[in-house]
Structures are given as structure tokens and as C-alpha cells.
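Counting in the numbering used here, the sequence shown tops out at residue 542, every number present. We put the CB at the ideal spot given by N, CA and C, even for glycine.
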Amino acid sequence: MKTIYLTTPLYYVNAAPHLGHSYTTIAADCLARYHRLAGRSVFLLTGTDEHGQKIQQAAQTAGLSPQAFADRAVEQFASLWTLLEISHDEFIRTTQPRHQQAVQAIVTKLHAAGQLTRARYQGWYCTPEETFWTEAELGEPRPSGPEGRGGRPAGTRAPLCPACQRPLESVSEDGWMLPLRASQPWLKRYVETHEAFVQPATRRNELLALLERPLPEALCITRPRQRVDWGIPVPFSPEHVVYVWFDALLNYITVPGYVEDPARFAQLWPADVHFIGKDILRHHAVYWPIMLHALQVEEMPRMVFAHGWWKVGEQKMSKSLGNIVDPTAVIGQLLQGQPFAADIYRYFLLREIPFGQDGHFSEEALVTRLNADLANDLGNLVNRTLSMITGYHRGTIPPAGPHGQPLAQAAMRLAEAVSAAMDRLEFSAALESIMRVVAQANQYVESSAPWKLAKAGDTQTLSQVLGTLGEVLRIVAIVLEPFMPAVAQEIWRQLGCGERPRRLADAGRWPGLETDQPIGRPSVLFPKKAS
Ligand code: MSP
């Protein structure tokens, strides 16, 4: 069986990680955990993109060598991923020798196969995006008025980057080119016939529209050393380094062993999902498949999923706009005193917006999710169930009886609903279905009123009600694992399940708890926060 191979973008190290970066990584981690829970073998890859002009300039400003600068920044990413419980299998840095050597072998192979031509690149460059633009892509100069979405104001001013609206730099330099337009008919056909290749549908349509117009003749895959020397040297052309995007995209095959380990490569490749934000769709859905095609890699990534942007107000969250949200501050300050702050943060990001759409971050929205979904619903259900088992059943799990059939049925079908949503990368819908069962269980507590049963001495019904609720919690603890791993583990512990593994296959089983199993010490999962 092929291993499920999932990737995040390699993040630039010029700035500290922010909420946007954490979003992509948490989504990828959630899918990885889901597949592991279902018993599948998974390889989750993340890392950092450390070369290029942008990093070179940032290092210069900081008065450090680019390598020292990158070494320092990488720590911030690594420690954030630990804080957020990211379960990556490898962390690749593009400055590692293993990656540099593989990239050199790959460009040498393309050169030897006659795939690269030397030419003068004449056009525009956006350093913040590290992206080349041709005249044709910028469109006709506009006579006057606001620049709108990129394009070219008339006059002497530089045109603006169509992606980030910042002024472009005019570039005329000699380099090595990989033909793009020659592969366009192949790529267009590939996209048309592989619906899953780019998702969601809005991004797929955007790509198809882009492919209706001619692509630039070629992609310049090098930079002259005299202008940018912070890059991987091109072995056959000492005056050049590899263009940072060309270098970084290759990580998706260098880590699986494309160059030196064909058996491992066959086990991992093709990538099942490349998780990216919509800002880097062109690089992943045009350059990347054309690069793979030129290398004669037969199988394309199965899916490139380009999610939306987190905005603050109406603007994309980004360092240059100065409106970034720092995940560490959200977890350490805003959610101070919450024993499961990182899980609350994960829950919020995955639940708040359907994956693929844009959304808005605000502290109020986060606190509302915490209080309404987590404290009032989930936390309350766990706490009251375990307190009742303690008070009415000597702190041991009662046998699950026939009482509460509709709830039991809904809980048993939960794994199926979660799987269906996860197969479509609908994280929010998966969580919604979990929270629906949680709400149903809370209603069941109200309607069956165990305290009245206790008062009336109906111990048989009482024990059945508590047994049913215990089973619901067991199932909830299993299906929550990909989203809130620490909370899932804590519910599991409170139920007395100890070190037993959580497996998705057990979520459809009823009962699954051991009768008379002593429960663990209950404790409040989500203290309510004043809003
Ligand atoms: N280094 C390149 C990627 C190379 S992949 C081979 C890069 N890095 S980046 O640091 O700029 O990270 C970009 C990614 O961060 C986006 O694609 C997206 O996944 C995430 N986000 C950055 N800002 C974001 C938002 N405001 N909202 C959501 N995600 C965003 O591009």
C-alpha cells in the first residue's frame, strides 16, 4: 500500500510565523492524523524556504549572514509546530546539504537532457513574492487612475505586482530557461481531465481561465550570482544560482528520495495533497507540473488544495500590511489559563471557515467559539457525564443498555460522517457533525434527567443512561483526535481508557468501553472566558 503523502508549503524564514502559516500546517496535520487514526500509513512533510533575494535582504538588514539569519528564524517555526502539536514526519530546510545536492543533480539532469536553454530574461520581478512577470502578464499600460489589481499605470512608475500590488523591479538578465508554453497544451488537457488535481472548484476554474491565455514562453530558473548569491549554485554554470521557487518546489520530490532512493520514492510519490494558500496556486499548478513533466516524472500530485485567506478587516493578513496575528500570543495571552489553549486555537481555525474560503479573524469570534461550542457544549457534556458516573455509579463505567437509541445510532454513524467530510477536506463540516452529536447528548441528559432517576431509585434506567453517555464520549474522543489531539487524549484519560490506542474503526462499534472500568479524575476542560 502506498503511503499517504501530504505536504505544506515551505515557509519563508524572513519573518516570524503567523496565523496564516499555522492554518495551512494545522489543516495538513489534521488530515494526517485522520488517516493515521484510520490505520493508514502517512508521511507529513513541512519545512522552510531559506534561499533567495528576499532572505538575503532581510539578513542584511538584520546584520547577519543569511545562514545565521535562517538558523535563528527556523527555530520559531519548529517551536510553533511543537506548540500546535503538528505531527510532521520530516522537516526540510532548503539549505540542508541533502536538498542542495538533490537540486543540483536535478538541474544537471535537465541540462543534460537538453531541456534548458540559455537566454536573456527581460521582464519584471517581485522580490516579496520572489516571482517573475512578463510584459504580457501585466497587460496594457493604463492611461490613468487607480492601479486596481496590479497592472501597469502609465508613465515612468514601475508596474505593480499582480499578486501583491507592490512595485516591480525591472530585470534584464542572462539565465537558464525552462520552456513553459510548449507544455501548455499538455497541462491544459491534464487539468481538464483530472478534476481532483486542483481544488476547490473556484481555484480550478481560475487555473483553467489562466490556461486559456498563452503562458510565458519560458520560466527563468536561475538568478545571476552577482545579483543574488544566496542560492544553490548551478553546477554547469558557475555564474548562476537556482531560482528560489525552482529550488523550493523540488523539496516535494527531493525528500521522498527522487534522486537517491527509488524504492522510497515509489512508496511516497505522488503526493496525495499539496496544501497551499491561494496566493501560490500558479507556482504549484503551472510551474510544478511542468517541472515534473520535464523531468519525466510520470505521476502528477493527486491534489493541490489552495485554501483561502485569513483576513483582518478586509485585508489579507500579512507581514507587509502589519496586521498579522501571532499564534503564540493568541495561545499564551488571549487563551491564558486554558489548559488546552493550542487545541482551542486549532478548533477555531478548522471550524470557523469552510476550508477553501476566506475568513475573518477576530478575538470575539474566537472567544465565542470557546464559550459556546467548547465550554457550554463539549466541556459541559464531558464534565457532567463523568461527575454523574462518579456520583451515581461509584466512578465506574456502567454497562451500556438499550436506553437512548436515537443518540446511540447518531454516535455510531459519526465516524462515517466524519470520514465523508474528511475525504472532501471539509474540516469544518466534520467538526459540525461531531458537535451535533455533542449537542444531542446534552439534550439527552436534560430529557432523561439522571438526577430524577436517582431520586426515584430507578437505578437500572440510570445506569443505562450513564452507560450510553459514556459510550458517546468514547466515540467523541476518537473522532476528535485529528482536530484536538490533547483534548481527545484527556477525555480518553478521564474515561479511564488510559494508554489504549484510539482507532477510527472502533468508533462504529457499540459498546466499546469495558464495563466496570474505573474512570479517571474528572477536570474542567474549558473554563469559560469573559467576553
Ligand atoms: N516559500 C513560499 C512557498 C514555497 S512552497 C514550495 C511561500 N512562503 S510563505 O512563507 O509566504 O507562505 C505562504 C503560505 O502561508 C501561503 O501559501 C499560505 O499557505 C500561508 N499564508 C500566508 N498568509 C496567509 C493568510 N493571510 N491566510 C491564510 N494563509 C496564508 O510562499
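Item                                                                                                                                                              : Value
Does the distance from the CB of F208 to the CB of T119 come in under 8 Å?                                                                                        : no
Can you round the beta-carbon distance between T472 and H414 to whole angstroms, since I take them to be within the 8 Å contact cut?                              : 6 Å
Per DSSP, what kind of secondary structure is R131 in: helix, strand or coil?                                                                                     : strand
Here's a check: name, in chain order, each residue in its chain whose Cβ is nearer than 7 Å to the Cβ of H295, leaving out the five neighbours to either side.    : H285, I287, V315
Below 8 Å on the Cβ atoms is my guess for V483 versus T265; work out the distance and round it to an integer in Å.                                                : Not confirmed; about 46 Å, so no contact.
Please state whether DSSP places F80 in a helix, a strand or coil.                                                                                                : helix
Given that a residue counts as buried once 16 or more other Cβ atoms are within 10 Å of its Cβ, and exposed if not, what is P216?                                 : The amino acid occupying residue 216 in the given sequence is Asn; Pro does not appear at that position. So N216 counts as exposed.
Quick check: the stretch 398-412 against the stretch 422-431, are there 3 or more CB pairs under 8 Å?                                                             : no
Just to confirm the assignment, what range does the alpha helix (DSSP H) spanning D517 have?                                                                      : No alpha helix (DSSP H) contains D517, which DSSP labels as neither H nor E.
Pick helix, strand or coil for I342, following the three-state DSSP scheme.                                                                                       : helix
Since S183 sits in a beta bridge, which residues does DSSP pair it with?                                                                                          : Q133
Buried or exposed, going by whether 16 or more other CB atoms sit within 10 Å of the CB of R238?                                                                  : exposed
Following the continuous beta strand (DSSP E) through C231, name the residue where it begins and the one where it ends.                                           : 229-231
Please state whether DSSP places E158 in a helix, a strand or coil.                                                                                               : Bear in mind that the predicted position of E158 carries a pLDDT of just 41, short of 50, making it unreliable; the figure below should be weighed with that in mind. Coil, per DSSP.
Please report how far the alpha carbon of L418 lies from the alpha carbon of F88, in whole angstroms.                                                             : 42 Å
Could you tell me if S474 is buried or exposed, where buried requires 16 or more neighbouring beta carbons within 10 angstroms of its beta carbon?                : buried
Can you look up F208 in the DSSP assignment and give me helix, strand or coil?                                                                                    : coil
If I measure Cβ to Cβ from V476 and keep anything under 6 Å in the same chain, skipping five residues before and after, which residues do I get?                  : H414, S459, P461
For I400, which residues from the same chain have a beta carbon less than 6 Å from its beta carbon, with the 5 sequence-adjacent residues on both sides left out? : L477, I530
Comparing the C-beta of Y22 with each C-beta of chain B, is any distance below 8 Å?                                                                               : The chain inventory of the structure shown lacks chain B, comprising one protein chain alone.
Please state whether the Cβ-Cβ distance between E141 and W256 is less than 8 Å.                                                                                   : yes
Could you check where the alpha helix (DSSP H) with K65 kicks off and where it finishes?                                                                          : 64-73
To which residues does DSSP link V252 through a beta bridge?                                                                                                      : R234, P244
Based on DSSP bridge pairs, tell me the residues matched to Q368.                                                                                                 : F366
A259: beta carbon under 7 Å from a heavy atom of ligand 1?                                                                                                        : yes
Could you check which residue in D40, S181, R224, Y358 has the C-alpha nearest to that of F143?                                                                   : S181
Using the rule of at least 16 other Cβ atoms within 10 Å of the residue's Cβ for burial, across every protein chain shown, is H404 buried or exposed?             : buried
Is G242 near ligand 1, in the sense that its beta carbon is under 7 Å from a heavy atom of that ligand?                                                           : no
Looking only at its chain, what residues have a beta carbon closer than 6 Å to the beta carbon of F366, apart from the 5 residues adjacent to it on each side?    : H318, L436, F438
For T401, which three-state DSSP category applies?                                                                                                                : helix
Spatial neighbours of A499 within its chain, please: C-beta separation below 6 Å, excluding the five flanking residues on both sides.                             : A488, L491, E492
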